[in-house]
Each structure stands twice: as structure tokens, then as C-alpha cells.
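Asker: What follows is a structure written as C-alpha cells; I'll ask about it next.
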Amino acid sequence: MRFRAKVVNIDCIHHFTNVVNTISKLLKKCSIRLTKEKMFFILPDQVANGGVSMWCELKQANFFDEYQMDGVNKNELNEIYLEIVAENLCRAIKSANNAKSLKIKLTKKQVPCLTVEIELPSLSSTARIVTHDIPVSVIPSALWGEYQEPEMPDFHVSLCLPPLKTVKHIVERLKNLSSYLTLSGNQEGDFALKVETELVSATTRFSDLEIPPYDPDGDSQAPSKLWPPSEMASARIDVKKLLQFLAGQQINPYKVICNIVDQSAVHFFLVHDDISLQYFIPVVAV
Amino acid sequence: QIHYLAGLLIEFQNMKCVLPGANVKLFAKAIHCLAKLGHYVYFEPLDTGLALKTVNSSRSAYVSILFMKPLFQVYNAGSDIDLTVDDDNLPITRCKVALKTLLQVFKSLANIERSVETCDIDLDGDECRLVFQLKCKHGITKTHHLTFQECESLQAIFAKDLSPNVLKCDHKVLSDVVINFSSSLEEITMLVSPCKVVLRSYSDDESDEIAQLMKTEVSLNPEEFSQYQIGVDTDVTFCLKDVRAILAFCEVAAMPVNIHFEVGGKPIIFSLGHNGYFRANFVIATIATDKNSQHSNATANFTTNTTFPTTNKRSFVKPSRSKVAPKPLRKVSAQKTNAKPQPTKLPQPKDCDSINSEHDVSPEIPLQGGEQTNATRYEGFNSPSPKQPCFKNVKTVFFAATQPNDLDRTVLVLAPDSDNEDGT
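Listed in order, the protein sequences are those of chains A and B. In terms of this note's numbering, the first sequence opens at residue 2 and continues consecutively. In terms of this note's numbering, the second sequence opens at residue 177 and continues consecutively.
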């Protein structure tokens, strides 16, 4: 197994830093899947995470100037799966704020590590080199099945969220009232955030939100045809998890699609040129 | 005792100095830095200026910052009383103040920079108060009366100018390097060779858990330093937290930093200075390793006794042997108010060294002893009863202080004993 990638362009470095920062805000331990074409950050659905799961994929060619990956074997197992503490990666990449180059490679020190090597400008002729060795654990191929792309559930409503900053602001205020928040929306572009306690109920409503176009040939899935368009589908979720998702955002997607499965789950889909990030939050039992 | 106390009280009357606004920020930042390291700041008005010193509780970090006379509008160390002292660097009045309290006076640096016009520092012997009076804009005067404690002189023993390794650079170089390390990292190792300097995160344990921690390493080219003198290829490990506090101070002081060190087990000294105005020495203990104890044997200039190998790998610099109190040459403890200075020579083992006032150019040579039971072994600040064995397994004292009740042990200067290198 070999992995070596290098970025020289400072914009790409910043872009990659934003992705890593966003990911590290969402989860503690993260799985990284490396293939010839793509790099994935995965948090599989596990009880330990409270049922939350995340899937982020980026096309390596859009970020890295050099990329070499040799997986477990050259055939069906030509991939590498690693588990890493997201915060470590985040901290390591932070050194690259104004780096001349960023190199990431799989190494074996006392334990297998992802070594991040950053070349920084210096006062002398040779650059300053910062090296971070981040311990990782290699996930055996037997377990790779757990890390597959989650299947999109048959959602009832799909709409584009209002600007994340606005939503974040509102959710931050609402979280003071209760730990649970109900997200609801319908196929006509209405969307609401509601918090309800014994004493108070507070709802923020948006209307005329964009409905993501359904492309029958493409990847997007159609919302269920059985669901009446004006009917609001809702899901009651943990406000902290929602806030984690909203607050950590550094990617600046041009669209965030919110899919709601009534009484079941909320699924966010960030749309961006180079990256796609999906985040599932299941409902909280009443 | 009473006489002694009375003597001290009389001495305490006259220290008075006034700092102009431009330098109050530097003074305040110094207090902030000291507060990160120790609990008390020792004020020592010298003839050359006002020295602020502190030491941390584990005795592994010592700071001495000297604000020299030209920085003050008015500077009076209180030399009215003839103390039978013949050297002008002898501290005449000494007091220590709790840093937590003093920090309240200089809390907001922004505020100080903006509004303080002068800062008066007066030692009020009658009331036993150290008075800080900040005269600010718009006619506002803030007066703080702080209680002080009389105290011993705080003096570290270290040999800055005999260090074989000297690096000098802009503080920014160090700050830029240090920022790459985790804020929770306790200790850092610096490895030097003629071709590069490497700073590496240190973990004292090879256990599994530690293997799970992220390790960071930064390498620097000697060209980044304005002076790069490596006499001994070595690696030294010291507390990163202390260094961060030092670098925070350097940011305001805006002067290049000099780093003097030798090998593990001997202190590393960060110093800043601007001739005639300001001098700061930050002495940090380093971890001693077995191989380093052989190293120090090799350096002919040091008469430190290193034949007793440091049995405890983890301990920092060993306590210095008792007799040698850190007195400046020819000086005597100021507590002896009733007599002429009489350097008393106590019987001692062969290895004793000359000690000079740290702010002079010539060095003091640290005494390092092994864990021997010796009736007069010194235990640093906590005034020792000679019977207590000094087994400090953790960071220990590398300097000594004179204490009021140490009068009978005051001593002095001894010429280095050159035939003691192999412990014979």
C-alpha cells in the first residue's frame, strides 16, 4: 500500500484546508478512503455517533498536483481505507496556511501514519519544513463493506435551504429553548424550523425556496410521488447535531439541498464543483 | 532576628522610581510573562536598574528582567543607607509581591498603552507596601498599594557565556515555528547540528497511548539565525509552555533572542537585551539524559562535577551543592546588617565554583552534583536542614538563593577546582 499526494497551488491548499476543517467540525474520528480517482471522508452510520453519518467525496485531480495511490492489491482491492482522528489532520493542515507546498503520504513510523509535510517560506535559501506524523489505523478489506456510499432513502420532500448563515443564526437562537428542533418542508418550497416546549413554541418559516430540479437521467432522486406537494414532511432532530453541521461550514457550496423523510431523517447534500458532502441526521425518538 | 528585621525595615524606605508611559507597556508585559511562570515577583533595586525576577514552583524556570536606569524618568534604588557594601550591584532592598495581585495593576495592556502617562513605583517601608501609581490621561490617577514580603535574593546559577552553543535570531522565527505544535504539548526537543536545527515534539514514554499522539517536527536552516554557533552537536528537551510565555514577551520587547545551551541536563537560556537599557534572561531547565552526563565531562571549561551519573534519567538539573551560595564576588548577603562583609569559607567538597552576578558578562558555573548524601547539601529555596537528603526526581533546583536564616552559610567565591573532572 502506498500513498503520496502533493499540492503546490496555494488556492488548492486553502480549499483542501476548508474541507478538512469542515469535516473535523462534524466528527471526531473519520475514515478516509483513497481510490485512484477520489478521496473520501466517511463517517459510517453507527450507534456511537447517534445515528448520524457523513459522506464526503472529492476528485483528487481537482486538488492535488501529484497523486499516487497503490491499494491493497492491484485488482478489486486497489483502494486504501484509513481511520484517523479528524482534529489531528485539521491541526496538521493548519500549518499550511501560507505554505509553498503540502505533501501527504502514508508512512510507517512506530505505527502507520499519515505524514503531512509542509514547506514554508523562510528567510533563508532552504524552506522550513514542518512535518506532522498523524497515527492512523488501516481498515482491513473485510470491513470495507461498512463504508459504502449510503443509499439515498426515499425522501418525501427535497428543497434547497436558504443561506446557511441565516439558518445557522436562527438555529443558534432556537437551541436555547430546547434540545430538539423540528425541521419541516413541502414540495412547494415552504420550510420551517420549529422548537416546542411546555412554555413556548417558536417557529421560523421560509417560503418560495428553490426546489432542486429532478433530472431523471442523472443522479438526483425524485421526491416521492405519493406525497402531496403541499403537505409538510417533518423530522424532529437533535439541535446540537444540526448546529454542528451548520457551524462548521467552510466550503461555501452554492446550494445545500435538504431532503426530508417524514418522521425518519434529514439529509443534507452540499453541492459544489469539486466536492460533494452528504450528512444524515436521524430523528430523535419522541 | 529583630535586629535583622529592623535593619531591613530601615533599608526598605527609599526605593522610588518613575517609568514613563512609553516603557510601562514593556513593564506590564514583563509582569504578564512572569505571571505565567511563577507565583511571586522579586523586586530587586540595583544600582544599574530595577530587576524583576521569578522562579516557578518546580524550580525549573527562572526569569530575571532588568529594567535599567535609562528607562526610568526617576530612579532611586534607595542607596541612602550605607550598608557596608562595596560593590554597586548589590541589591539593597528586596521584596516579593504575589504576581496574581500585581497582574491586577497591569491587567489590560491595551488600556495601559492608551492611557498611562507615567508609573510610579515606591517602596513604602513604614507601611510595608509597594505602591504603584499609574498617572493616566484626563487627570486620572490609579494608586495600588500592594503588600510585599521581605525575601531572600533570588539568583540563578548559570553559565550563559560559557555555553558552546549559541543561536541568535528574530523572535518571530521561533514564534512561527512554535505555532505548529499542539497547544497541549508540554515539552519540546531541539536537536542541533552544524547543518540544521530541528524542533520536535517530545513524549516521554514509548507506550501505546503515546504512540497514538500526533508528532510534529520543524526544521530550520542555520541561515535563519543571525548567529549560529554549535560547539556541541546535541539535543535538549525543555518545557514548551515556558517558551511560549517567553515568546509572548519577546513580541512586545521586539528584540532578537539569544539562545545559549549546552547539553541535556544543563539549562537553556533565552536572553534579550538592548545595551544599557534592558536585559532579560530566561533560564529553563532541560531534561538530563544518561548520555549527556558523559558529555559534560568532556568540556574542559566546566568544573561541574558530573562523575556521579545522573541516576534518574528524568530529572532536570540537579540541585546545586549547598555551600556555594550565589553571591556576587566580594559581596555579602545584605541581611548582614550588623557587620562588615566577611566572606566565610565553609569546608566543602572540591567542586565549587565562582559565581558572579548574573547580569555581568562573566559567567557563573553551575554546580551539579549527584545524589550524594552530604551534610551540607543545598536544597534550593526551601531552606534546608542539612539532614534532609535531596532526592528530587523531578525538575529540581539549579540555582540557589540566599536566605535570611542562612547567615551562617553565606559564602562565596571559590576558584574553580580544575582537578575534579573525574571525580577524584
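Every residue gets a Cβ at the ideal spot worked out from N, C-alpha and C, and that includes glycine.
Check the Cβ of Pro373 of chain B against every Cβ in chain A and list those closer than 9 Å, keeping chain order.
Answerer: What sits at residue 373 of chain B in the sequence shown is Val, not Pro. Under the 9 Å cutoff, chain A gives no residues; its nearest Cβ is about 10 Å from Val373 of chain B.
Asker: In chain order, what residues of the segment 269-290 of chain B put their CB closer than 8 Å to some CB of chain A?
Answerer: Cβ contacts with chain A come from no residue of the segment 269-290 of chain B.
Asker: Checking contacts by CB at 7 Å: is Thr132 of chain A closer than that to chain B?
Answerer: Chain B, which has a Cβ nearer than 7 Å to the Cβ of Thr132 of chain A, makes this yes.
Asker: On the three-state DSSP scale, how would you describe Phe414 of chain B?
Answerer: Here Phe414 of chain B sits in strand by DSSP.
Asker: Going straight from the alpha carbon of Pro151 of chain A to that of Trp56 of chain A, what length do you get?
Answerer: Between Pro151 of chain A and Trp56 of chain A, the C-alpha separation is close to 8 Å.
Asker: With Val307 of chain B as the anchor, note down where its beta strand (DSSP E) starts and where it stops.
Answerer: First-last of the beta strand (DSSP E) with Val307 of chain B: Arg305 to Cys312.
Asker: Measure the C-alpha to C-alpha separation of Lys276 of chain B and Glu400 of chain B and round it to an integer number of angstroms.
Answerer: Whole-angstrom Cα-Cα distance: 37 Å.
Asker: With 7 Å as the C-beta to C-beta threshold (strictly closer), list the residues of the segment 353-370 of chain B near chain A in chain order.
Answerer: Listed by position, the residues of the segment 353-370 of chain B near chain A (Cβ gap below 7 Å) are Asn356 and Ser358.
Asker: Restricting to runs no shorter than 4 residues, where is the alpha helix (DSSP H) found entirely within the segment 65-137 of chain A?
Answerer: Fully enclosed alpha helix (DSSP H) runs of 4 or longer: 87-95.
Asker: Classify His170 of chain A: buried if its beta carbon has 16 or more other beta carbons within 10 angstroms, exposed otherwise.
Answerer: Exposed: under 16 other Cβ atoms inside 10 Å.
Asker: Considering Cα atoms alone, identify which of B:Ala456, B:Leu375, B:Val292 and B:Ile463 is closest to His133 of chain A.
Answerer: Among B:Ala456, B:Leu375, B:Val292 and B:Ile463, the Cα nearest to that of His133 of chain A belongs to B:Leu375.
Asker: How about Asn397 of chain B: is its C-beta nearer than 7 Å to some C-beta of chain A?
Answerer: So yes, Asn397 of chain B belongs to the interface.
Asker: What did DSSP end up calling Thr462 of chain B once you bin it into helix, strand or coil?
Answerer: Three-state DSSP puts Thr462 of chain B in a strand.
Asker: Closest to Met40 of chain A by CA distance: which of A:Val168, A:Gly52, A:Lys60 and A:Ala128 is it?
Answerer: Closest by alpha carbon: A:Lys60.
Asker: Under 7 Å between C-beta atoms, does Leu107 of chain A make it to chain B?
Answerer: Not one chain B Cβ lies under 7 Å of Leu107 of chain A.
Asker: Please return the same chain residues whose Cβ sits closer than 7 Å to the Cβ of Lys1 of chain A, not counting the five positions on each side in sequence.
Answerer: Any question about residue 1 of chain A goes unanswered here, given that chain A covers just 2 to 287.
Asker: Identify the residues that DSSP records as bridge partners of Arg34 of chain A: which are they?
Answerer: For Arg34 of chain A, which the question treats as bridged, DSSP gives the partners A:Phe41 and A:Tyr82.
Asker: Please report the residue range of the alpha helix (DSSP H) in which Ala286 of chain B lies.
Answerer: From DSSP, the alpha helix (DSSP H) with Ala286 of chain B extends over Leu285 to Ser291.
Asker: Can you give me the start and stop residues for the alpha helix (DSSP H) that Val439 of chain B sits inside?
Answerer: It is not in any alpha helix (DSSP H) - Val439 of chain B carries neither H nor E in the DSSP assignment.
Asker: Ile238 of chain A and Ile282 of chain A - do their beta-carbons sit closer together than 7 Å?
Answerer: Their beta carbons are under 7 Å apart, which means Ile282 of chain A touches Ile238 of chain A by this criterion.
Asker: Does Lys391 of chain B come within less than 7 Å of chain A when only Cβ atoms are used?
Answerer: Answer yes: the Cβ-Cβ gap between Lys391 of chain B and chain A drops below 7 Å somewhere.
Asker: If I measure Cβ to Cβ from Thr204 of chain A and keep anything under 6 Å in the same chain, skipping five residues before and after, which residues do I get?
Answerer: Counting only Cβ-Cβ distances below 6 Å, and skipping sequence neighbours, we find Ala193 and Lys195.
Asker: In chain A, which residues lie less than 8 Å from Val394 of chain B when you measure between Cβ atoms?
Answerer: Those within 8 Å of Val394 of chain B in chain A are Arg129, Ile130, Val131 and Thr132.
Asker: Quick one: residues in its chain with C-beta nearer than 7 Å to the C-beta of Leu165 of chain A, no 5 flanking neighbours on either side, listed in chain order?
Answerer: Only Leu247, Gln250 and Val257 meet the Cβ criterion.
Asker: Could you tell me whether any Cβ in chain A is nearer than 7 Å to the Cβ of Met191 of chain B?
Answerer: Judged by the 7 Å Cβ criterion, Met191 of chain B is not in contact with chain A.
Asker: Using the C-alpha atoms, what's the distance from Cys114 of chain A back to Asn341 of chain B?
Answerer: Their Cα atoms are separated by approximately 34 Å.
Asker: Looking only at its own chain, which residues have a Cβ that is under 6 Å from the Cβ of Phe17 of chain A, when we skip the five neighbours before and after it?
Answerer: Here the set comprises Phe64.
Asker: Below 8 Å, how does it come out for the segment 424-438 of chain B and the segment 220-231 of chain B: are there three or more Cβ pairs, yes or no?
Answerer: The segment 424-438 of chain B, when compared against the segment 220-231 of chain B, does not touch it at the 8 Å Cβ threshold.
Asker: Restricting to Cα atoms, I'd like to know which of B:Glu289, B:Ile297, B:Glu293 and B:Val408 is closest to Val273 of chain B.
Answerer: Looking at the Cα atoms, B:Ile297 is the closest of the given residues.
Asker: Flag this pair as yes or no: are the beta carbons of Val31 of chain A and Ala97 of chain A separated by less than 7 Å?
Answerer: Looking at the sequence shown, residue 31 of chain A is not Val but Cys. Not in contact: Cys31 of chain A and Ala97 of chain A (Cβ atoms no closer than 7 Å).
Asker: Could you work out which residues of chain B lie near Ser125 of chain A, taking near to mean beta carbons separated by less than 7 Å?
Answerer: Under the 7 Å cutoff, chain B gives Asn397, Glu399 and Glu400.
Asker: Tell me the DSSP secondary structure of Lys372 of chain B in three-state form.
Answerer: Lys372 of chain B: coil per DSSP, three-state reduction.
Asker: Extract the residue ranges of the alpha helix (DSSP H) inside the segment 308-370 of chain B, only unbroken runs of 4 or more that lie entirely within it.
Answerer: List check, alpha helix (DSSP H) in window: 347-354.
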